Every structure is written in C-alpha cells, then in structure tokens.
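Quick note: the sequence shown, position 406, residue 406 per UniProt numbering, numbers continuous.
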Amino acid sequence: TLVATTPALGGSGIGMDARLEQETAQWLRWDKNPLTLESVKQLIAEGNMEELQKCFGARMEFGTAGLRAPMGAGISHMNDLTIIQTTQGFCRYLEEQFSDLKQRGVVISFDARAHPSSGGSSRRFARLAATTFISQGIPVHLFSDITPTPFVPYTVSHLKLCAGIMITASHNPKQDNGYKVYWDNGAQIISPHDKGISQAIEENLEPWPQAWDDSLIDDSPLLHNPSASINASYFEDLKKYCFHRSINRETKVKFVHTSVHGVGHNFVQLAFKAFDLVPPEAVPQQKDPDPEFPTVKYPNPEEGKGVLTLSFALADKTKAKIILANDPDADRLAVAEKQDSGEWRVFSGNELGALLGWWLFTSWKEKNPDRNALKDIYMLSSTVSSKILRAIALKEGFHFEETLTGFKWMGNRAKQLMDQGKTVLFAFEEAIGYMCCPFVLDKDGVSAAVISAELASFLATKNLSLSQQLKAIYVEYGYHITKASYFICHDQDTIKKLFGNLRNYDGKNNYPKTCGKFEISAIRDLTTGYDDSQPDKKAVLPTSKSSQMITFTFANGGVATMRTSGTEPKIKYYAELCAPPGNSDPEQLKKELNELVNAIEENFFQPQKYNLQPKSE
C-alpha cells in the first residue's frame, strides 16, 4: 500500500529496493521541514540512487554517546524528523523507567551549530525535543540560550531531574550535530539504556500529532528557563574550588582564552570573576559563536598548534604567558605555556592531568591534614590515560581507580563512590577531558580553565612555571612519558583480521610474547575478557565484544593499548613508559618509548599488509 500512495516513486521508474522505497515513502508523508522534504523529492525525481542510499541507507545508531552524524535529510542524518523520532523513543523509555517523570521532568540545552541548507540547527532541534516532552505533559527546563555541555549534567543533578539532553557535536566538523543523553544520576548513559532507547525509537517513528507544532511550548506552564538560576548556582558552587583568592587578586600572570567559535567565552569570563581573577584576553576572531568555524580547519584544540595560531599571536602581542583553549561545547580544555626559549609548549591531556591531579590533591591536603581522611579520597582516569595518578596515589596514600575509556564510565563510577560517602577529587582522560569539581559528573572545560589559571597564578608566586612544576611532579613520582596516535581504516573486516592475528599470533591461538626486541609481561583483552595477570585469567573491567581493545604490558615498564574508536574510522594506540621515582633521564625514556612505538606499528599494526593510512601530520 505504501507504494501505491507515492506516485513520485512509482512514476519515476528508478530501480529502488523495497526497503529504500518504504523509507522514502514514509519520509515524504512525515517530514514537515520544507528544505529536507524538497531535497528528498528532488533526489527521487532525479533518480539519484547514490545520494538516496546515503540519506536512507541506515538509521543513525543510538549508542551510549547518543547520536552523532552530519545534518541533512534522511534517516542517516540529523534533522527535524530524526530529532522528533529520537525524542519520542527517549520519552517513552523514560516513562517506563520513572513513575515520577511528570513531576521531575528533563533539561535540554544546545550549542551554536547550524546547517542553513537543511534548516537544521542545535537551537531548533532543542525546541523540537522540548515540544515532544511537553506534548506528553512532561516538564522541560529548556535553556534560552547556548550553554557549555557540562551545564546539562549539572542541571540534572542540581534540580534532581530524570534526564538531560545536550544538542551538540562537540569538536566535530561543522556539518555534524549530535544528541547527548544524561541519566538521572547526572552521568552519561551506559548500557543497557542505549539498547532500550534504541528499541523505543524504532517503536515510535511516526510523529505524534503535535510533534511539529513547537509554538505550543511558548506559553506552556511546563516550560521552564533555567538559564539565570543555573548560571548563578554553578558559579557559586565553583567558588568552593578557589583556594587562593588573595593570590588571584594580585597575580601578574596574563591569560589568553579562545572558545574556537563555540559557546565558552561568556562562561569562562564569569568563572574568572568568580575566582577574583582578571578575565582572560579573548581571541577576538574566535570569541563569538559561529557555526562555520571560519578560522580553523578542525574546531578541535586536541589537534594542537593549528587551532591555536591566533591565540599565539594575541598572547605574543599582549605578553600573556598562558593560553587556555576550549573546544566548541566547552567540555574540553587545552593549555599552552610560553617557554623561556620563546617557544610555545602545548601540554598533552596526560600532562595537564598530572598537573591538575597534583594541584587538587595538594590543595585538599592543606585543608585536611589528618591522614585518616585519605582512606576516603579517590581519583579516576580511563585505562588509556597516563598512570601518573596511580603513582601519586601510591606515594600519598589515597585511592586510584581506572575505568574503561570515556567519561560515561568515570562519571558513573564517581557517582557510585560519592553515594558510598567517598570524595572523588579528580578524574581525567587523555583526550583533554577533566572533571575537577564532582558537582559535574562529566568533563568540564570551564572549571578546568579557571582552576588551571589559579594553579598558574599560585606557581608564579614561587617563581615556577607549569612546565617546571610538571617536571617536579615527574621527579617526585616517577617519569610518565606517553605517545598516542592512530591509523585510519574504513574496512571492518581488515580491523577484525588485524586483531584476530594478535589473538592467534603463532597459529596456535596464543598472543604474542614479544614485540620486536621488547618482551611482553602481561596481556589484557577487553574484547574477549581475558587478562593473564589475574589469578583466574578473567579481566576485572567490563568487556565489550562490539569493540576491539587489547593492552600489552612490557617488561621494561611500558604499557600499550590498541583499540578501535567508537566515533571515527580509526585504530588508535596509546603507549606509556612509567619509570620509578628518582631522577631518571627523560630523553633516554623518550628514545626508548619511540623504539617501542615503532616496534608496535611495525609488528602489530603492519600498515603495509593491512593497507592502513597513517595519521596525517
């Protein structure tokens, strides 16, 4: 019957398979956005099968990170209709999970992304999502303007809501958008919620009667604007992490800040005021939100110096020594410091993690000299991040735990620990994500920026730079030298072969015993759940058959993890050499780590054999 009601398809004579025909027919019936509707009609009229396949090939997969995809027409993309469908499924799933959903409600916020050609934007998607909930009698706290991503988990916890939605694609290319979901504990969702939501989406594809009428929310008593009150309480809570107000008032250290065309500018300015610091000089070309990201190739401060070119220029002009850079949704932070040589040093995520971890512990210890309190203190990092916190914890006597990769794991674990009366001082991941204040159970680039600024101001009173303090940390707790990179691979079968070869290295189902000249002392495989360092050979961390991840420990103190990325066509590796405390020779360690990494690339990745593309420098 579907086909009969769509003469556009029947009459165009294009060879369309039944599933594609059904998907496009539904689209023509349900899409009320004139731009995406028109573009699909045009593709059908032209018989453009290749583009139709791209738009309708497969529905975006809803995972623990929610959705992330380019904006545009069809079920494979982010657009008005797929936002409505996703939110309808999420809404029904929440109704099943929470009997008090209509009392507690949800929070929704958005970044500044927009895609004029398909009429999609984060603000529009947030309004449509709010419409879905309000049409079902569920209260919605919808921010009236852009916010950093961490403001959503903050609001969930602060107002004790059932869930939060952030419309953002973080630091992805400009055409992308995303839909990120938080549970009532204030952390990102973990399995099995992603499966449950996914299934509910499939069961609620047809837009509900009021789905497209977003004007109905404007005078609804169920719509609340939390902007002013949440802003006030966030910065009030942040003040508790200001340890040296008098130093901040006097400091001569100058800062430059860039929000890379994203949402961070106003919030970082307010954070500095909350700490009595002179607000940083903002990079003028990048301080206002701009969905085109005109001054950068990729809006990702993790990509290093390219994103920071304008910041370096402004800092040189204003004689600022420190640059703070947020990604566009302000949940990540990169920091650079001018060295005596005149060069700029951009700290890696692991280096800044070491500095912030040391600082938060040192500041806590000053307030809590009683050694008995240490037994309830925790720090967390992900398994592919530097083990420097473990070394500090061992020497200082607090607890360190590692989790699987991603802040969803650290946020959920932190909440469990806090519910048991423990204090989580800090959590971080090497992808420049830091949780310095556990009132946000996710990475937060706003709090990390101002805490880094206070740290730099404090060190300046001791005539120390961040680089010098980092070196002092390594001398005291042992050098931790890291190197991470990736290969690009678009073919799932190749990836399976490569990892299969590592599990059957000698043809007798054994893992490798050496890598080049380096002897392997332990292996943990979180795809299969094997860990030969455990008495029962079973891994302690949760395992996932759907993603590849193997960690090798070497006799020389090296650790290397190879894993597939959840969001990009990459096989990543993370290698670290941990030396015991005492003044080791960092240059010698770097040389040894480089040799280890070369051996891993050559023997385990075998890029020629598997036709892998190296990371382009």
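Think of the CB as a built atom: it goes at the ideal place given N, C-alpha and C, for glycine as much as any other residue. Being a predicted model, the structure only gives us computed values, none of them experimental.
Query: If we ignore side chains and look at the alpha-carbon of each, how far apart do residue 607 and residue 381 end up?; Result: 30 Å
Query: Given a cut-off of 8 Å on the beta-carbon distance, is the pair residue 182 and residue 163 in contact?; Result: yes
Query: In chain order, what residues of the same chain have a beta carbon less than 6 Å from the beta carbon of residue 243, not counting five sequence neighbours either side?; Result: 363
Query: Would you list the residues sitting across from residue 614 in a DSSP beta bridge?; Result: 487
Query: Please report the distance separating the alpha-carbon of residue 40 from that of residue 378.; Result: 53 Å
Query: Assign residue 70 to one of two classes, buried (16 or more other C-beta atoms within 10 Å of its C-beta) or exposed (fewer than that).; Result: buried
Query: Specify the secondary structure class of residue 544 as computed by DSSP and reduced to three states.; Result: coil
Query: Does the distance from the C-beta atom of residue 105 to that of residue 156 stay below 8 Å?; Result: no
Query: Going by DSSP, name the residue or residues bridged to residue 344.; Result: 338
Query: From what residue to what residue does the alpha helix (DSSP H) around residue 601 run?; Result: No alpha helix (DSSP H) contains residue 601, which DSSP labels as neither H nor E.
Query: Since residue 427 contacts residue 414 with CB under 8 Å, what's their CB separation in whole angstroms?; Result: 6 Å
Query: Please state the DSSP three-state secondary structure of residue 525.; Result: strand
Query: Roughly how many angstroms separate the alpha carbons of residue 409 and residue 424, rounded to a whole number?; Result: 14 Å
Query: Short check: CB of residue 432 to CB of residue 374, under 8 Å?; Result: no
Query: How big is the Cα-Cα spacing for residue 555 and residue 596?; Result: 12 Å
Query: Determine the contact status of residue 452 and residue 324, defining contact as a CB-CB distance below 8 Å.; Result: yes
Query: By alpha-carbon positions, which one of 52, 46, 33, 34 ends up nearest to residue 22?; Result: 52
Query: What residue range is occupied by the uninterrupted alpha helix (DSSP H) comprising residue 194?; Result: 193-202
Query: So is residue 213 buried or exposed if we call it buried at 16+ other beta carbons inside 10 Å?; Result: exposed
Query: Here's the rule: buried if 16 or more other CB atoms are within 10 angstroms of the residue's CB, otherwise exposed. What is residue 311?; Result: buried
Query: Determine, using beta carbons only, whether residue 149 and residue 195 come nearer to each other than 8 Å.; Result: no
Query: When we look at the beta-carbon of residue 113 and count the other beta-carbons within 10 Å, is it buried (16 or more) or exposed?; Result: buried
Query: Please tell me whether residue 387 and residue 515 are closer than 8 Å, where the distance is taken between their beta carbons.; Result: no
Query: So which of 303, 259, 471 has the shortest CA-CA distance to residue 146?; Result: 259
Query: Residue 118 and residue 35 look like a contact to me (Cβ under 8 Å); what is the Cβ gap, rounded to whole Å?; Result: 5 Å
Query: With burial defined as no fewer than 16 other Cβ atoms inside 10 Å of the residue's Cβ, what is the status of residue 88: buried or exposed?; Result: buried
Query: Considering Cα atoms alone, identify which of 276, 313, 73, 257 is closest to residue 288.; Result: 257
Query: Suppose the cutoff is 8 Å on Cβ atoms and the five residues either side in sequence are ignored; what does the same chain contact list for residue 594 look like?; Result: 483
Query: If the criterion is Cβ atoms closer than 8 Å, does the pair residue 65 and residue 412 meet it?; Result: no
Query: Contact defined as beta carbons within less than 8 Å: I believe residue 487 pairs with residue 614. What is the distance between those atoms, to the nearest angstrom?; Result: 6 Å
Query: Taking only three categories from DSSP, how would you classify residue 13?; Result: Below a pLDDT of 50, predicted positions are generally treated as unreliable, and residue 13, at 44, falls in that range; no measurement from the model is reported.
Query: Measuring only between beta-carbons, confirm whether residue 595 sits less than 8 Å from chain B.; Result: This model lacks chain B altogether; it includes just one protein chain.
Query: Which residue wins for smallest C-alpha separation from residue 280, given the options 457, 598, 564?; Result: 457
Query: Do three or more CB pairs link the region 508-522 to the region 547-562 at distances below 8 Å?; Result: yes
Query: Would you be able to state if there are at least three C-beta pairs under 8 Å between the region 43-50 and the region 219-233?; Result: no
Query: So residue 434 and residue 355 are in contact, right, with Cβ under 8 Å, and what is the actual spacing, rounded?; Result: 10 Å between Cβ atoms; not a contact.
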